[in-house]
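Chemist: First the structure, then my questions, so here it is.
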Amino acid sequence: MAEGRKRVVIIGGGLGGMYAAAKLKHAPVDIVVIDKANHQLYQAMMYQVAVGILSPGQVAPSLRSMLRHQRNARVVLGTVVRIRPDTRDIVLARPDGPEECFEYDTLIFAPGVRTDYFGHDEYARSVATLKTIDDAVWLRSRILSSLEIAELEDDPEQVEKWTTFAIVGAGPTGVEMAGAIAQLTRSVVHRDFRKFDPARTRIVLIDAAPYVLGPFDPHLRDEALKALRDHGIEVMLNTRVTGVTSGAVEVLAEDGATHVIEAKTVLWAAGMRSTAIADDLAAATDARTDRYGRLYVDEHCRLPGHPEIFVIGDAANQVDLPMVAQPAMQEGKHVGKVILAELGMGKAPGPFKYFNKGSMAQIGRGNAVADAFGLVKLHGFPGSVLWAILHAWYVEGFFAKLEVTGRWLYSLVAVNRRERVITVK
Ligand SMILES: Cc1cc2nc3c(=O)[nH]c(=O)nc-3n(C[C@H](O)[C@H](O)[C@H](O)COP(=O)(O)OP(=O)(O)OC[C@H]3O[C@@H](n4cnc5c(N)ncnc54)[C@H](O)[C@@H]3O)c2cc1C
7 MAEGRKRVVI
17 IGGGLGGMYA
27 AAKLKHAPVD
37 IVVIDKANHQ
47 LYQAMMYQVA
57 VGILSPGQVA
67 PSLRSMLRHQ
77 RNARVVLGTV
87 VRIRPDTRDI
97 VLARPDGPEE
107 CFEYDTLIFA
117 PGVRTDYFGH
127 DEYARSVATL
137 KTIDDAVWLR
147 SRILSSLEIA
157 ELEDDPEQVE
167 KWTTFAIVGA
177 GPTGVEMAGA
187 IAQLTRSVVH
197 RDFRKFDPAR
207 TRIVLIDAAP
217 YVLGPFDPHL
227 RDEALKALRD
237 HGIEVMLNTR
247 VTGVTSGAVE
257 VLAEDGATHV
267 IEAKTVLWAA
277 GMRSTAIADD
287 LAAATDARTD
297 RYGRLYVDEH
307 CRLPGHPEIF
317 VIGDAANQVD
327 LPMVAQPAMQ
337 EGKHVGKVIL
347 AELGMGKAPG
357 PFKYFNKGSM
367 AQIGRGNAVA
377 DAFGLVKLHG
387 FPGSVLWAIL
397 HAWYVEGFFA
407 KLEVTGRWLY
417 SLVAVNRRER
427 VITVK
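Structure follows, in structure tokens:
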């Protein structure tokens, strides 16, 4: 570290944190990117890992390789456990146990969010989630193992339980997972088992809202619902989860009746809330938070009263923007520009302005709903092509882009997948 240079600590090497780091590539600052994982994660493509289309490494590039050519930045692996705004330092727990302290002049806080069980943290013991690469790998193993166990079972009731997948939450994650499990069981592994028919796998998608894909255009929501039902997915709308155990979900359906869905695999794709470290920062700075625990920030993503702390991405409430990738990336860039201007490198940017590039969700093979820039609304195969182009675009590295595009094309025509490895201990 050079004497007298500004020290920029970035907590979280996700989309927001890494866009900020990249913007500061040529700045005379010393950057430390701290993350509890050694990789960035394209969460939007994780469901493809969970059903064996992509391998983990294809959606989780290493942070070190991403910053290989950025000489002013270093990566530190560890979990930030305390932020001390008064002394302008943070404490992290190293993977091997000891704690270490890092001082900052500027802090960019981008830790993302965690799963919310809406006051029922006990559900965490019984459900699968899709938030980390470990979750995706575990889920892949769970789906494939369930089919193997069904093949071993003689009792039809047990077969039914092992081949029922209940998904709570019909946002993009729930919809994409439902479509992907349908594709896997109905047109990839459908001829591989002898004692039961994987194509009869039951997939139940549950949401309290009256529609799927809440943030999408109503026409695209309807198209998505139709596509899900065409795939044989049971979509239960206006339906609230009232209990989860390992092996069953209890719901209160729109007809007022209580139903129990017996499913050995329950995926919770329903909600997000602030991380523990964000809650700590809010408490340490008396910051105002929204109902998800996100910290309110000013027009330059600064924490009010703390001009040295920027909060970006899912952890921030910047004019109520949704917790999706584009705000995180654009805020990361914006904060980079603000810091450059402070260093006399470029003019100060105006207040942060969000440019909505749209939203999309893939529903099974070659079928997606896509809204690009609010101008182009596509569904079916054209939507899927747009989905593939845009998702490959954001993947890090030229060869990774080619690989991801190739796998998508392969998944359109292939009747097999390579990422089907599970082992029994
Ligand atoms: C399954 C899924 C699918 C999604 N699909 C889409 C989609 O299709 N389109 C879309 O636009 N958005 C999608 N999103 C949302 C999108 O991925 C996020 O909005 C985006 O990643 C937010 O970026 P971020 O930088 O705020 O946080 P993240 O990208 O989540 O990065 C946060 C980083 O902080 C690290 N971290 C957290 N706490 C600590 C700590 N205490 N110490 C050290 N490191 C820490 C984490 O390890 C992580 O690397 C999806 C999200 C999920 C979970």
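The numbering of the sequence shown is the working numbering, which starts it at 7 and goes up by one.
All C-beta atoms in this analysis are idealised placements derived from N, C-alpha and C, irrespective of residue type, glycine included.
1) Between which two residues does the alpha helix (DSSP H) carrying Val65 extend?
2) Return yes when the Cβ of Leu243 is within less than 8 Å of the Cβ of His385, no when it is not.
3) Hey, would you say Ile114 sits closer than 8 Å to Gly23, going by beta carbons?
4) Return the CA-CA distance between Gly352 and Thr271, expressed in angstroms with no decimal places.
5) What three-state label does DSSP hand Met72 in the structure shown?
6) Suppose the cutoff is 6 Å on Cβ atoms and the five residues either side in sequence are ignored; what does the same chain contact list for Ile155 look like?
7) If you follow the beta strand (DSSP E) that Gln368 is in, where does it begin and where does it stop?
8) Of the choices Val174, Val391, Tyr298, whose alpha-carbon is the least far from that of Glu256?
9) Within the continuous beta strand (DSSP E) that includes Phe316, where are the two ends?
10) Which residue wins for smallest C-alpha separation from Leu392, given the options Gly412, Glu402, Val401, Met366?
11) Report buried or exposed for Asn422, applying the criterion of at least 16 other Cβ atoms within 10 angstroms of its Cβ.
12) Per the contact definition of three or more C-beta pairs closer than 8 Å, is the stretch 111 to 128 in contact with the stretch 174 to 189?
13) Kindly indicate which three-state DSSP category Arg371 falls into: helix, strand or coil?
14) Is Cys307 buried or exposed, if buried means 16 or more other CB atoms sit within 10 Å of its CB?
15) What do you reckon, is the C-beta of Asp41 under 7 Å from a heavy atom of ligand 1?
16) Enumerated in chain order, which unbroken segments of the beta strand (DSSP E) with a length of 3 residues or greater are wholly contained in the stretch 103 to 137?
17) Quick one: grab the DSSP three-state call for His45.
18) For the stretch 84 to 95 against the stretch 40 to 58, do three or more pairs of beta-carbon atoms, one drawn from each stretch, fall closer than 8 Å, so that the two count as touching?
19) If you scan the stretch 359 to 428 from start to end, which runs of the alpha helix (DSSP H) of 4 or more residues do you find wholly inside it?
20) Of all the options Val65, Leu136, Leu153, Lys201, which has the alpha carbon lying nearest to the alpha carbon of Val181?
21) Indicate whether Ile428 and Leu150 have their beta-carbon atoms separated by less than 8 Å.
22) Which of helix, strand or coil does DSSP assign to Arg100?
23) Any chance the stretch 89 to 107 sits against the stretch 232 to 247, with 3 or more Cβ pairs inside 8 Å?
24) For Asp320, is the classification buried or exposed, using 16 other Cβ atoms within 10 angstroms of its Cβ as the cut-off for buried?
25) Could you pull the start and end residues of the alpha helix (DSSP H) that Lys29 belongs to?
26) Report back the beta-carbon spacing between Pro333 and Gln324 to the nearest angstrom; my notes put them in contact at under 8 Å.
27) Could you name the residues of the same chain whose beta carbon sits closer than 6 Å to that of Ala376, not counting the 5 residues immediately before and after it, in chain order?
28) With DSSP as the reference, label Asp36 as helix, strand or coil.
Modeler: Reading from the atomic positions:
1) Against the sequence shown, residue 65 aligns to sequence position 59. Its alpha helix (DSSP H) spans residues 62 to 65.
2) As a working mapping, residue 385 is identified with position 379 in the sequence shown. As a working mapping, residue 243 is identified with position 237 in the sequence shown. Going by C-beta atoms, His385 is not nearer than 8 Å to Leu243.
3) Position 108 of the sequence shown holds residue 114. Position 17 of the sequence shown holds residue 23. Taking 8 Å as the Cβ cut-off, Ile114 and Gly23 qualify as a contacting pair.
4) For the purposes of this step, residue 352 is identified with residue 346 of the sequence shown, where counting begins at 1. For the purposes of this step, residue 271 is identified with residue 265 of the sequence shown, where counting begins at 1. Approximately 53 Å between the Cα atoms of the pair.
5) Mapped onto the sequence shown, residue 72 falls at position 66. If DSSP states are grouped into helix, strand and coil, Met72 belongs with the helices.
6) As a first step, residue 155 is located in the sequence shown; it is residue number 149 there, counting from the start. Result list for Ile155: Trp168, in chain order.
7) What you label residue 368 is simply residue 362 of the sequence shown in a count that begins at 1. Here the beta strand (DSSP E) through Gln368 covers 364 to 368.
8) Taking the sequence shown and counting its residues from 1, the one referred to as residue 256 is at position 250. The option with the nearest alpha carbon to Glu256 is Val174.
9) Walking along the sequence shown from the start, residue 316 turns up at place 310. From DSSP, the beta strand (DSSP E) with Phe316 extends over 312 to 317.
10) Working through the sequence shown from its first residue, we reach residue 392 at position 386. For the residues Gly412, Glu402, Val401, Met366, the minimum Cα distance to Leu392 belongs to Met366.
11) Stepping through the sequence shown from its first residue, residue 422 is reached at position 416. Answer is exposed; the Cβ neighbour count stays below 16.
12) no
13) The residue you call residue 371 lines up with position 365 of the sequence shown. In the structure shown, Arg371 sits in coil (DSSP, three-state: anything other than H, G, I, E or B).
14) Within the sequence shown, numbered from 1, the residue matching residue 307 stands at position 301. Classification for Cys307: buried.
15) As a position in the sequence shown, residue 41 is number 35, starting the count at 1. For ligand 1, at least one heavy atom lies less than 7 Å from the Cβ of Asp41.
16) 105 to 109, 112 to 115, 119 to 121
17) Position 39 of the sequence shown holds residue 45. Strand, per DSSP.
18) yes
19) 387 to 400, 404 to 419
20) Start at 1 with the first residue of the sequence shown, and residue 181 comes out as number 175. Considering only alpha carbons, the answer is Leu136.
21) Locating residue 428 in the sequence shown gives position 422, where the first residue counts as 1. Locating residue 150 in the sequence shown gives position 144, where the first residue counts as 1. Their beta carbons are under 8 Å apart, which means Ile428 touches Leu150 by this criterion.
22) The residue you call residue 100 lines up with position 94 of the sequence shown. Of the three classes helix, strand and coil, the one that applies to Arg100 here is coil, per DSSP.
23) no
24) Position 314 of the sequence shown, counted from the first residue, corresponds to residue 320. Buried: at least 16 other Cβ atoms inside 10 Å.
25) For the purposes of this step, residue 29 is taken as the residue at position 23 of the sequence shown. Note, Lys29: alpha helix (DSSP H), 21 to 29.
26) Counting from 1 along the sequence shown, the entry for residue 333 is found at position 327. Counting from 1 along the sequence shown, the entry for residue 324 is found at position 318. Right, their Cβ atoms sit about 6 Å apart.
27) Start at 1 with the first residue of the sequence shown, and residue 376 comes out as number 370. Met366, Leu384, Gly389, Leu392, Trp393, listed in sequence order.
28) The sequence position of residue 36 within the sequence shown is 30, counting from 1. Asp36: strand per DSSP, three-state reduction.
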